[in-house]
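**Q**
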Amino acid sequence: MRVEERVEQGGWLGESLPPFIGLHRCGTPDFRGRARLSAGAGLEYFLQQMINGLTLGSIYGLIAIGYTMVYGIIGMINFAHGEVYMIGSFIAVIAFTLLSAAGIAAVPLGIVAVLLAAVFFTAVYGWAIERVAYRPLRGAPKIAPLISAIGMSIFLQNYVQLAQGARVKPIPPVVRGSFELLHLDGFTVRLTFIQIFIILTTVVLMIGFTYLITRTSFGRQQRSCEQDRTMASLLGVNVDRTISATFVIGAALAAVAGVMVTMYYGVVDFYIGFLAGMKAFTAAVLGGIGSLPGAMLGGLLIGLIEALFSAYFSIEYKDVASFSILILVLMFMPSGLLGRPEIEKV
Amino acid sequence: MTQGAMGMAARPAIDYAALLKDAALAAFVVFFLAFPLIGLQTYDQGGALAVRGRWDLLAYAVIIGFVGRFLFQLAMLFKPVKSTKEPSDASLARQRQIGMIIRYALLGIALTMPFLPFSDRSWLDRGINVLIYVMLGWGLNIVVGLAGLLDLGYVAFYAVGAYSYALLSLNFGLNFWVCLPLAGLFAALFGVLLGAPTLRLRGDYLAIVTLGFGEIIRVVLLNWGSLSGGPNGIASIPRMDFFGLFPFGNREGAFHTVFGIEYERTHQIIFTYFVILALALMTNWMVNRLRKLPLGRAWEALREDEIACKSLGMNPTNTKLSAFAIGAMLGGFAGSFFAAKQGFINPESFTFMESATILAIVVLGGMGSQMGVVFAAIFLVLLPEVTRDFEQSRMLLFGAAMILIMVWRPKGVISHREPTLRLNPVKGA
Amino acid sequence: MTQYDDSAVKEPLLQVDGLTMRFGGLIAIDNLSLVAGKGQITAIIGPNGAGKTTLFNCLTGFYKPTEGNLSFFHPAKTLQLQKLENHKVAQVAGVVRTFQNIRLFPKMTLLENLIVAQHNALMKASGYTFLGLFNLGGYAKAEKAAVEKAKYWLDQIGLTHRADEEAGNLPYGAQRRVEIARAMCVGPRMLCLDEPAAGLNPSESLELNTLLFRIRDQEKIGILLIEHDMSVVMKVSDRIYVLDHGKRIAAGTPDEIRNDPIVIKAYLGEDEDAELPPEIAADLAMRG
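Protein chains in written order, with the numbering used here: chain A, 2 to 347; chain B, 43 to 471; chain C, 31 to 318.
1) Counting only the same chain and skipping the five closest in sequence on each side, list residues whose C-beta sits under 7 Å from that of residue 262/B.
2) Kindly list the residues whose CB is nearer than 6 Å to the CB of residue 190/B, restricted to its own chain and excluding five residues on each side of it in sequence; keep chain order.
3) Could you tell me whether any Cβ in chain B is nearer than 8 Å to the Cβ of residue 35/A?
4) Determine the DSSP secondary structure at residue 437/B, reduced to helix, strand or coil.
5) Identify the residues that DSSP records as bridge partners of residue 341/A: which are they?
6) Whose Cβ in chain A lies nearer than 8 Å to the Cβ of residue 434/B?
7) Would you say residue 462/B faces chain A, with C-beta separation under 8 Å as the test?
8) Leaving out five residues before and five after residue 335/A in sequence, what residues of the same chain have Cβ atoms less than 6 Å from its Cβ?
9) Touch check for the segment 54-70 of chain B and the segment 104-114 of chain B: three-plus C-beta pairs under 8 Å?
10) If you measure from the beta carbon of residue 270/A to each beta carbon in chain B, is any gap under 8 Å?
11) Do you know how far the Cα of residue 129/C is from the Cα of residue 84/C?
12) Could you say which of 435/B, 440/B, 393/B lies nearest to residue 407/B if we only look at CA atoms?
13) Pair every Cβ in the segment 412-421 of chain B with every Cβ in the segment 122-129 of chain A, then say whether three or more of these pairs are closer than 8 Å.
14) With a CB to CB cut of under 8 Å and the five nearest residues on each side skipped, what residues in its chain are close to residue 326/A?
15) Helix or strand or just coil, what does DSSP make of residue 27/A?
16) Mapping the DSSP letters down to three states, classify residue 357/B as helix, strand or coil.
17) Please return the same chain residues whose Cβ sits closer than 6 Å to the Cβ of residue 280/B, not counting the five positions on each side in sequence.
18) Run through the DSSP bridge pairs and tell me what residue 259/C is partnered with.
19) I think residue 435/B touches residue 222/B, with their Cβ atoms under 8 Å apart; what is that distance to the nearest whole Å?
20) Once the 5 residues before and after residue 291/A are set aside, which same chain residues still bring their CB inside 8 Å of it?
21) Mapping DSSP to helix, strand and coil, what is residue 278/C?
22) Can you grab the Cα-Cα spacing for the pair residue 101/A / residue 326/B, in whole Å?
23) Give the DSSP-derived three-state secondary structure of residue 96/B in the structure shown.
24) Rounded to the nearest angstrom, what separates residue 217/B and residue 156/A at their Cα positions?
25) Which of the residues in the segment 338-349 of chain B, read from start to end, lie with their CB under 8 Å from any CB of chain C?
26) Enumerated in chain order, which unbroken segments of the beta strand (DSSP E) with a length of 3 residues or greater are wholly contained in the segment 182-218 of chain B?
27) What residues of chain A sit near residue 78/B, judged by a beta carbon separation below 7 Å?
28) Report the residues of the segment 229-250 of chain B with a CB closer than 7 Å to any CB of chain A, ordered along the chain.
29) Select from the segment 348-363 of chain B all residues with a C-beta closer than 8 Å to any C-beta belonging to chain C, and list them in chain order.
30) Roughly how many angstroms separate the alpha carbons of residue 106/B and residue 69/B, rounded to a whole number?
31) Quick check: what's the CA-CA separation for residue 55/B versus residue 72/B?
32) Since residue 126/A meets chain B, which of its residues come closer than 7 Å, beta carbon to beta carbon?
33) Who are the Cβ neighbours of residue 463/B in its own chain at under 6 Å, not counting the five residues just before and after it?
34) Interface residues of chain B around residue 178/C at Cβ under 7 Å?
35) For a contact meaning CB atoms closer than 9 Å, what does residue 170/C contact in chain B?
36) Would you check if the distance between the CB atom of residue 275/C and the CB atom of residue 358/B is smaller than 8 Å?
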């Protein structure tokens with residue numbers, strides 16, 4: 002019964018820790034009672050962690066696509082991308098609150114409305130960030146856009162903090178309920194509806210996105226700019242517009258991730274972009290930066306690693322685990338799982 | 043008229059209609075940016091979240107967007123075109139002279155500051171804070187400004203220094219003056235540990251790895267309670283004494299009795315002030331000296347072209363590693379000073395925002411410029427005193443300033459770089 | 031291993047044996063062998079994409095060759111260049127290169143560029159910075175010597191009067207000369223020049239020839255030269271290798287190469303009526 006309650010409150014057994022919240026504030030008890038279980042439920046516990054990890058990984062994967070696309074096309078790390086995702090989450094919180102105040106009861110309709118609002122407004126942010134902080138710096142020494150991106154990240158974080166306050170923003174659960182998959186030794190493996198929603202949405206988005214990149218005219222332009230921007234522009238591709246569109250799409254996917262995280266954990270604060278951004282970037286690097294399937298694969302892996310590491314080793318050090326993976330991958334496998342090795346041009 | 047003849051003769055007439063249209067477009071975009079986050083505000087209503095409109099703020103945002111874009115575009119039109127002509131020797135000499143005067147004036151102020159009539163405890167505290175940031179800025183400048191490596195986790199070395207002193211003095215009863223070099227050494231060691239595997243990475247990868255490393259250090263400090271005291275940190279860290287000879291305090295054998303002067307509580311603070319001033323000046327001397335040594339030139343060469351460096355037989359990894367280690371060491375010095383001055387440390391003082399602040403000082407000061415760092419640090423510490431509001435929006439402005447400076451002058455704010463050695467002496471010097 | 035007769039090279043300095051470089055499916059260099067001698071200018075010519083720059087990248091450690099040996103006859107012992115770390119090729123073997131698209135340190139002055147080239151010697155003299163920091167251990171003297179060396183090479187390229195200017199502000203032709211002078215400041219045993227005449231006007235080309243002769247005759251080092259400008263190649267080279275599609279198709283003195291039917295075919299293609307490439311046509315015309 003208690004498990005049931007916790008699920009309905011949006012807290013999550015085993016996972017138990019909204020992954021991006023709390024760690025930056027020392028002294029905050031940052032997780033709600035971790036469930037340690039009897040040895041008998043080992044497999045079930047593991048299965049539960051896999052489900053949680055896949056859910057988390059879908060979210061990382063969606064954010065990671067933004068990193069990898071931008072990297073592919075202009076060869077820089079968009080440090081502000083984590084903040085874009087954070088803005089998406091905030092817009093989702095605001096939209097959900099507005100909807101509930103307006104008394105809109107139809108959940109599916111509400112979710113679609115929130116998704117549309119978050120995607121639209123966040124995409125404007127994505128566009129504006131590129132226009133303001135990166136476009137003027139094309140062709141500048143490499144360190145300049147990096148510093149500009151850091152500046153943008155700092156700016157957005159503090160902007161949201163000032164505009165919306167530093168406190169954690171909670172919303173009531175939007176979707177309740179779950180399937181019971183297995184039940185053994187007092188431990189139930191659950192797949193909540195919201196997890197199904199997250200995983201399904203991610204799969205649909207990935208299929209649509211793959212179609213966009215591989216089959217459409219925009220996709221061709223995008224890929225041509227990735228390979229040779231000068232040549233693409235000579236052949237009549239509007240490079241500026243393609244780069245803008247890349248930022249817009251990356252921001253839109255991050256917004257979807259933001260909406261889903263808001264629904265999953267029910268809380269958001271201005272700092273979530275930092276850690277989520279770091280992890281999504283790790284995912285992009287692990288999958289091979291520049292590779293779209295790689296970003297998704299990396300996201301899933303990082304989600305799984307994080308869920309399993311928290312469950313079996315230490316929840317306090319799970320971020321250390323992610324960052325260590327980042328450093329190790331960069332050292333030993335810089336082109337990632339699915340990326341192409343870079344040849345140094347002399 | 044004379045102005046027109048001097049600088050603006052070649053400029054095309056300003057197309058105000060286009061500028062206004064552009065500004066209107068910007069205002070339009072700002073509306074969509076500001077609508078969800080400024081126009082709507084979440085607030086707490088009886089435990090649940092509610093949303094209210096702030097249409098006045100939204101309107102201001104749109105107006106600021108319009109005016110700001112208009113002025114920015116105008117400013118970009120008047121941005122000085124980089125003259126192909128080298129500045130004349132005479133003007134360079136004059137610049138150098140003015141630079142010298144400012145330098146000595148600042149040094150004079152710094153040296154006499156504790157004895158000025160207005161300087162009380164709080165002014166000394168401010169002075170100490172400025173100098174800590176100056177020192178950190180100069181230290182990071184080696185890594186970012188000279189070697190061109192973007193280090194986003196610099197505060198980790200500051201933390202290592204601080205915790206080194208705290209732990210060494212509390213656990214082994216070691217004196218500050220023994221711990222200071224040790225703390226620097228530990229920080230340098232951490233710099234090498236981080237740098238050795240990662241410095242061969244491309245610049246942006248390095249940036250994010252250092253960012254991750256800074257976080258790792260902080261998370262470990264936060265959770266390794268038995269060592270670091272966890273989130274509560276370490277308290278009652280011994281203050282520094284007079285070069286390990288005698289303590290400060292109102293008792294027999296302390297500083298004032300040795301020198302036969304009246305006991306005053308500010309003695310310790312004044313001494314602390316001079317310690318950080320000395321540390322900062324040492325840093326400055328070291329950076330200036332290093333620039334004129336093969337190592338410093340190698341850093342700058344690496345920043346310019348790593349491939350060329352390799353072709354000349356230079357080991358790029360070792361060269362970068364030395365920049366990292368020396369920068370880390372200076373951060374470690376500053377950290378142990380901070381712990382001794384504060385008497386209390388916890389992981390709160392070593393967040394990414396602190397790294398970002400130090401980076402902002404280096405960037406705002408004009409990368410590679412020593413004096414710029416001083417002004418940026420003074421600006422950073424003193425402005426919150428002037429307006430309370432600034433405290434809140436300080437980082438917001440810093441972030442915005444970092445973007446603006448990069449967009450304005452992507453190659454760094456300083457345009458003139460003083461050569462490290464000359465074949466032909468400067469005329470008029 | 032070598033099926034060629036390179037015995038014409040009297041004092042071999044570099045011997046390339048069966049060098050192959052593959053990038054995925056692309057074979058940039060295919061079982062290439064050649065010898066470059068001390069005190070000689072050895073030119074490598076061939077159409078674009080023949081693998082000339084790739085050869086340089088293999089020699090100077092920027093690429094690890096797929097197969098083959100790069101033996102360098104250092105007076106102390108024979109070195110295998112392909113086994114050396116990138117920067118060690120210059121530091122230990124003394125094989126120093128320039129780049130097709132000039133790589134100076136643009137914000138540093140000419141003098142500083144030439145001092146950075148003496149990095150390893152100066153680092154030692156400064157006690158790896160520890161002594162130099164306090165001006166101990168004769169660092170000042172070492173630096174003075176380094177400046178003298180830099181000044182010598184600035185004199186050689188005629189740019190002493192601009193020593194304190196930023197390298198990036200110099201005209202193109204001057205930057206090319208600075209890059210050569212900078213390479214010479216390393217104290218090389220072999221100098222690899224990647225298209226040093228590209229973008230030079232005729233009078234600058236002539237100055238380049240003089241400079242190359244001076245380096246060869248006074249410093250007695252080997253020069254390996256990639257060049258398209260036949261007016262330079264034919265005049266300065268002691269020996270020429272012709273590459274096509276990563277393979278060596280001919281070797282010999284400028285006169286032998288000029289009359290080699292295989293070379294002419296490689297440049298002209300199978301079609302007998304095709305026009306000569308302008309550089310060869312001009313050269314042939316000049317020589318009557």
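We treat Cβ as the ideally placed atom computed from N, Cα and C, and that holds for glycine.
**A** Taking the coordinates as given:
1) So no residue of the chain qualifies.
2) If you ignore the 5 residues before and after residue 190/B, its C-beta comes within less than 6 Å of the C-beta of 345, all in its own chain and listed in chain order.
3) Low local confidence applies: a pLDDT of 41 at residue 35/A is under 50, so the model's placement there is unreliable, and no value is given.
4) Residue 437/B: helix per DSSP, three-state reduction.
5) According to DSSP, which records beta bridges pairwise, residue 341/A is partnered with nothing at all.
6) The CB of residue 434/B comes closer than 8 Å to the CB of 163 in chain A, given here in chain order.
7) Not an interface residue.
8) Nothing meets the Cβ criterion.
9) Here the segment 54-70 of chain B lies against the segment 104-114 of chain B, with 3 or more beta-carbon pairs under 8 Å apart.
10) Against chain B, the CB of residue 270/A has no partner CB under 8 Å away; the residue lies outside that interface.
11) For residue 84/C and residue 129/C, the distance between alpha carbons rounds to 12 Å.
12) With distances taken between Cα atoms, residue 407/B lies closest to 440/B.
13) Judged by Cβ distances under 8 Å, the segment 412-421 of chain B makes no contact with the segment 122-129 of chain A, as fewer than three pairs qualify.
14) So the qualifying residues of the chain are 283, 287, 303, 306.
15) Because the pLDDT at residue 27/A is just 32, under 50, the model does not fix this residue reliably, and the point stays unresolved.
16) Coil.
17) Answer for residue 280/B: 211, listed in chain order.
18) DSSP lists no partner for residue 259/C.
19) In this structure, residue 435/B and residue 222/B do not form a Cβ contact; the two beta carbons are roughly 36 Å apart against a cut-off of 8 Å.
20) Short of 8 Å from the beta carbon of residue 291/A, and not among the five residues preceding or following it, lie these beta carbons of its own chain, in chain order: 69, 72, 73, 227, 340, 341.
21) Residue 278/C falls in the strand class under three-state DSSP.
22) Straight-line Cα distance between these residues: approximately 59 Å.
23) Coil at residue 96/B, not helix or strand.
24) About 41 Å.
25) Within the segment 338-349 of chain B, the qualifying residues are 339, 340, 342, 343, 346, 347, 349.
26) DSSP runs (the beta strand (DSSP E)) wholly in the segment 182-218 of chain B: none.
27) Those are 92, 95, 122, listed as they occur along chain A.
28) Answer in chain order: 239, 240, 243, 245, 246, 247, 249, 250.
29) When CB distances to chain C are screened at a threshold of 8 Å, the residues of the segment 348-363 of chain B falling below it are 349, 350, 351, 352, 353, 354, 355, 356, 357, 358, in chain order.
30) Residue 106/B and residue 69/B have their alpha carbons spaced roughly 8 Å apart.
31) Each residue's Cα considered, the two are about 28 Å apart.
32) Those within 7 Å of residue 126/A in chain B are 75.
33) Excluding positions up to five away in sequence, the list is empty.
34) Those do not exist, as residue 178/C stays about 10 Å from chain B at its closest Cβ, beyond 7 Å.
35) Contact note: residue 170/C does not reach chain B at a C-beta cutoff of 9 Å; the least C-beta distance is about 11 Å.
36) Contact flag unset, no.
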